[in-house]
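Asks:
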Amino acid sequence: SQTIHQWPATLVQPVGSPLSLECTVEGTSNPNLYWYRQAAGRGLQLLFYSVGIGQISSEVPQNLSASRPQDRQFILSSKKLLLSDSGFYLCAWSRTLFNQPQHFGDGTRLSIL
Amino acid sequence: QKEVEQNSGPLSVPEGAIASLNCTYSDRGSQSFFWYRQYSGKSPELIMFIYSNGDKEDGRFTAQLNKASQYVSLLIRDSQPSDSATYLCAVTGDTGGFKTIFGAGTRLFVKA
Numbered sequence: 001s002q003t004i005h006q007w008p009a010t011l012v013q014p015v016g017s018p019l020s021l022e023c024t025v026e027g028t029s030n031p032n033l034y035w036y037r038q039a040a041g042r043g044l045q046l047l048f049y050s051v052g053i054g055q056i057s058s059e060v061p062q063n064l065s066a067s068r069p070q071d072r073q074f075i076l077s078s079k080k081l082l083l084s085d086s087g088f089y090l091c092a093w094s095r096t097l098f099n100q101p102q103h104f105g106d107g108t109r110l111s112i113l
Numbered sequence: 114q115k116e117v118e119q120n121s122g123p124l125s126v127p128e129g130a131i132a133s134l135n136c137t138y139s140d141r142g143s144q145s146f147f148w149y150r151q152y153s154g155k156s157p158e159l160i161m162f163i164y165s166n167g168d169k170e171d172g173r174f175t176a177q178l179n180k181a182s183q184y185v186s187l188l189i190r191d192s193q194p195s196d197s198a199t200y201l202c203a204v205t206g207d208t209g210g211f212k213t214i215f216g217a218g219t220r221l222f223v224k225a
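If you read the sequences in order, they're chains A and B. Position one of the first sequence corresponds to residue 1 (our numbering), numbered consecutively onward. Position one of the second sequence corresponds to residue 114 (our numbering), numbered consecutively onward.
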């Protein structure tokens, strides 16, 4: 069966500090991968998605970036965090980009001080 | 702007009743429809998906799709306090290209 791992579970960072969140998927190959952010009491905002190694599509012009160095690894980064970057970050995978459900990791709750 | 609309709630139902959650979407070309359950502080969990007009049943859950009305619903029979959560409607296909658009969710409270 497929599993998705996301870490860390919680993170408290000062404004201006860098960020690196990691996500890995097991039990499948060539998954589509996604990063979402969910602000408190709000819906899911798609940040990035990837259909293969090194292929990243950005949905929002933020100070965030994503990378996919291996088939089942997806990394979300920032060089300098802003207060507005606080939120619940979710990694997800799906078998294909079209018409297939996405499955989420446990998420990272990020607080910026 | 492709949209998925849900009543934010809270929707409150007594234990044992039927909970009815509704969702409308703007893109008539949408092809896939999903319902996720999200407990407070947790990540969304897929509970149902439906691709064709009509009803699809899975245990206590029934998803209903009406593409002509651009409407999808989730019925929860014999609601339990453990069903108390936020339910997210998600739509994909032509909506926004090859991406899934999520509604903001409906909060459901099941009273014991």
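Cβ atoms here follow ideal geometry from the backbone N, Cα and C, with glycine treated the same way. All values reported here derive from a predicted model rather than from experimental measurement.
Pick from Y89(A), L81(A), L110(A) and W93(A): whose alpha carbon is nearest that of P119(A)?
Replies: With chain A represented from 1 up to 113, any question about residue 119(A) goes unanswered, as that position is not in the structure.
Asks: For P101(A), which residues in chain B fall below 7 Å Cβ to Cβ?
Replies: F147, L159 and F162
Asks: Taking the alpha carbon of D140(B) as the reference point, which residue from L159(B), Y149(B), S156(B) and E118(B) has its own alpha carbon closest?
Replies: E118(B)
Asks: Report the rounded CA-to-CA distance for Q73(A) versus Y49(A), giving the unit in angstroms.
Replies: 12 Å
Asks: From the DSSP output, which residues share a beta bridge with G41(A)?
Replies: In DSSP, G41(A) forms no bridge with anything.
Asks: If the cut is a Cβ gap below 7 Å, which residues of chain B does F104(A) touch?
Replies: S156 and P157
Asks: State whether the stretch 214-224 of chain B contacts the stretch 117-136 of chain B, with contact taken as three or more CB pairs (one from each stretch) at a distance under 8 Å.
Replies: Yes: at least three Cβ pairs fall under 8 Å.
Asks: Using a C-beta cutoff of 9 Å, does Q183(B) count as contacting chain A?
Replies: By the rule that beta-carbons nearer than 9 Å mark a contact, Q183(B) does not touch chain A.
Asks: With a threshold of 9 Å between beta-carbons, can E22(A) be considered close to chain B, or not?
Replies: no
Asks: Can you find the residues in the same chain that come closer than 8 Å, C-beta to C-beta, to L82(A), ignoring five residues on each side of it along the sequence?
Replies: V15, N63 and I112
Asks: Would you mind telling me which residues of chain A sit closer than 7 Å to A176(B), beta carbon to beta carbon, in chain order?
Replies: Residues of chain A passing the Cβ test: none, with the nearest at roughly 12 Å.
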